[in-house]
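Encoded as structure tokens, the structure appears first; notes follow it.
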Amino acid sequence: MKDQNELLKQQLIEAISCQNLQEIQKILTLAQLEDETIILKEALVQVEYANFVWFLQEYVGKESYQQAVKDVSTSMTQKLVQGGFKPGVDFNLHPDGRMLASKEANEYLENYQVNSDPTLEINLTGT
-3 MKDQNELLKQ
7 QLIEAISCQN
17 LQEIQKILTL
27 AQLEDETIIL
37 KEALVQVEYA
47 NFVWFLQEYV
57 GKESYQQAVK
67 DVSTSMTQKL
77 VQGGFKPGVD
87 FNLHPDGRML
97 ASKEANEYLE
107 NYQVNSDPTL
117 EINLTGT
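Per the numbering used here, the sequence shown runs over residues -3 to 123.
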């Protein structure tokens, strides 16, 4: 079973990288229901950012994706401001939804995430 899941994960990474929605759906139907989420999570952390965004927009819908980005950006901004960080100095929001953060702000969010908020599972790029 584990070998099959590893094979499906590698196929899924390739299908996402090629932005082949039909192949992605085919692969996901082959996975056991309980394994589908695990395979998806493991595959998504290994694809390029542009393909990650494409997949989420296609899989959950563009409007849902944009709302999720907005909600997470708002939450992260609030956490940083509450932590004493200054917008435009310690962190900036990129128009595509990515956050550029200083090393200190990035570490603060990572520690906050680990200690209290599992919904902030987002990769940050230091400025």
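Each residue gets a CB set at the ideal place from its N, CA and C atoms; glycine is no exception. Only a predicted model underlies this, so the values are computations on that prediction, with no experimental measurement involved.
Close Cβ partners of residue i (< 8 Å) along its chain, the five nearest in sequence each way excluded
{"i": "V43", "result": "I9, I12, S13, F51"}
{"i": "V56", "result": "A64"}
Neighbourhood of residue i by C-beta, 7 Å cutoff - its chain only, sequence neighbours within 5 removed
{"i": "F48", "result": "L40"}
{"i": "L3", "result": "none"}
{"i": "Q15", "result": "N47, W50"}
Closer than 8 Å: residue i CB and nearest the ligand SAH heavy atom
{"i": "D86", "result": "Absent from the structure shown: the ligand SAH. Ligands present: none."}
Supposed close pair residue i, residue j - CB separation, criterion 8 Å
{"i": "L27", "j": "I20", "result": "Per the sequence shown, residue 27 should be read as Ala rather than Leu. Between I20 and A27 the Cβ distance is about 11 Å, and since that is not below 8 Å, they are no contact."}
Residues of its chain near residue i, where Cβ-Cβ distance is below 6 Å and the 5 sequence neighbours each way are ignored
{"i": "Y108", "result": "K75"}
Alpha-carbon to alpha-carbon, residue j and residue i
{"i": "D31", "j": "N1", "result": "8 Å"}
{"i": "F81", "j": "Y61", "result": "27 Å"}
{"i": "A64", "j": "Y104", "result": "21 Å"}
{"i": "Q7", "j": "T33", "result": "15 Å"}
{"i": "V77", "j": "K66", "result": "16 Å"}
Whether residue i touches residue j by CB criterion (9 Å)
{"i": "A101", "j": "G84", "result": "no"}
{"i": "E38", "j": "K(-2)", "result": "no"}
{"i": "L17", "j": "E54", "result": "yes"}
{"i": "S69", "j": "G93", "result": "yes"}
Exposed unless 16 or more other CB atoms sit within 10 angstroms - verdict on residue i
{"i": "Y45", "result": "exposed"}
Closer than 9 Å to chain D by CB, residue i
{"i": "L17", "result": "As a matter of chain content, chain D is missing from the structure shown, which is built from one protein chain."}
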